[in-house]
Amino acid sequence: MNTLVVYSSLTGNTKMVCEKVYEIIEGEKSIVSISDIKELDIDSFNRFIIGFWVDKGTADKRTREFIKKLSKKEIAFIGTLGAEPESDHGKKVFERVTELCNKNNNLLGGFLCRGKIDPKLVEKMGKFPLKLVHPLTPERLERIEGAKSHPNEKDFENAQNYFKSLFAR
Ligand SMILES: Cc1cc2nc3c(=O)[nH]c(=O)nc-3n(C[C@H](O)[C@H](O)[C@H](O)COP(=O)(O)O)c2cc1C
1 MNTLVVYSSL
11 TGNTKMVCEK
21 VYEIIEGEKS
31 IVSISDIKEL
41 DIDSFNRFII
51 GFWVDKGTAD
61 KRTREFIKKL
71 SKKEIAFIGT
81 LGAEPESDHG
91 KKVFERVTEL
101 CNKNNNLLGG
111 FLCRGKIDPK
121 LVEKMGKFPL
131 KLVHPLTPER
141 LERIEGAKSH
151 PNEKDFENAQ
161 NYFKSLFAR
């Protein structure tokens, strides 16, 4: 088994979780930022762990484009998002990415965890015109506040345990 961990991360949350999971992968392995993916021969890997940040309810664009290029591979995903993974929003994210991964590939499993939201985005949300799209409602403020401490040590441990048991099957 030759595993590639590839991550797309704007502010570092997804990169951190992917690096922790990478530590526990057995066999041949490599880890790369999606920005450097062109330097690798994709076909030399048969298992992929794809890390993404959640953008408007699904995986970020670069990740979606990467997944669409893969065919007949074993893949698993790691996503970080501001919302609770167990929330309706989190469940929809999971479903959308699952559907995308299963189109041309074999999805083994997926792990979502919270990731702090870029303060610059939070600032923008309070301003026109984003105010109309993303009003800073009490629920949204609570979500932003709740995500602030993530990903934390517990998230790293959960992610590692998830992949240990997924690959032990
Ligand atoms: C433009 C933008 C859109 C986002 N959209 C969502 C979203 O739809 N749902 C959500 O739960 N979090 C959303 N977030 C929060 C990020 O997914 C979250 O902070 C993530 O951990 C960032 O990962 P990174 O540090 O690897 O870039 C958004 C963040 C940005 C910057």
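With this note's numbering applied, the sequence shown corresponds to residues 1 to 169, in that order.
Using N, Cα and C, we set each Cβ at its ideal position, and we do this for glycine too.
Closer than 7 Å to some heavy atom of ligand 1: that does not describe the Cβ of valine 97. Going by beta carbons, alanine 83 and arginine 143 fall inside the 8 Å limit. For the pair glycine 115 and proline 135, the Cα-to-Cα distance works out to about 20 Å.
For glycine 12, the three-state secondary structure derived from DSSP is coil. DSSP lists Thr58 as the beta-bridge partner residues of aspartate 55. Contiguous alpha helix (DSSP H) elements confined to the stretch 13-47 occur at 13-23, taking only those with 4 or more residues. Restricting attention to Leu141, Gly110, Asn104 and Tyr22, the CA atom closest to the CA of proline 119 is found in Leu141. At least one heavy atom of ligand 1 lies closer than 7 Å to the C-beta of lysine 56.
Per the C-alpha coordinates, the member of Glu28, Ile42, Tyr22 and Glu123 positioned closest to phenylalanine 77 is Tyr22. Short of 7 Å from the beta carbon of leucine 81, and not among the five residues preceding or following it, lie these beta carbons of its own chain, in chain order: Val54, Gly90, Val93, Leu112, Arg114 and Gly115.
Boundaries of the beta strand (DSSP E) around threonine 3: 2-7.
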